[in-house]
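This report refers to the structure that appears directly beneath it.
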Amino acid sequence: METFVMQSQARQLLHNKFVLVLGGSVQRSMYKDLVLLLQRDKFLTLPQLKSKGEFSFEQDRLVEGGRLGPLTNGTGYREVRQYSSDHHLLRFYFLTRIYSPYMESILEDLREGLKPDVVIVSSCVWDITR
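Each step along the sequence shown adds one to the number in this note's numbering, with nothing skipped, and position 66 is 49.
What follows is the structure, encoded as structure tokens:
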């Protein structure tokens, strides 16, 4: 399989950028692909794609949830991952709903802390009964 974006291009495009990824398992895979691509010209393997909640993936770290908490398939599942290098910062939040008290806490953290340069949000369910 030919890589469309090479490591050097990804590193240059995301140089000194904070990329925030919010979403479900598809977005987790995209986050992991970016982490891997920033380090070498490769994409996820099938076992890497299927893995969730691990303590570390390609020099990132599990910040919250995952194996630090209960590994469930329910709406209360949490997984926050972060990869940082001298010139890159990527953070991933696993969401089961686009808007919830958990999402409010994420937004509050962003208001008070470092502001992302790029935000990727997708595949979230919004509970219209709230």
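From the three backbone atoms N, C-alpha and C, an ideal C-beta is built for every residue, glycine too.
Ser12 carries a helical assignment under DSSP once its states are collapsed to helix, strand and coil.
Looking at Glu87, Leu73, Glu95, the one whose alpha-carbon comes closest to that of Ala(-7) is Leu73. Looking at the backbone, the Cα of Gly7 and that of Arg61 are separated by about 10 Å. Only residues of its own chain outside the window of five on either side were considered, and among them Arg61, Leu78 have a CB closer than 8 Å to the CB of Tyr85, listed in chain order. As a beta-bridge residue in DSSP terms, Phe1 pairs with Leu72.
An exposed status is given to Arg94, since fewer than 16 other beta-carbon atoms sit within 10 Å of its beta-carbon.
Secondary structure of Arg(-6) (DSSP, three-state): helix.
In the three-state reduction of the DSSP assignment, Leu45 falls in the strand class, which pools E and B.
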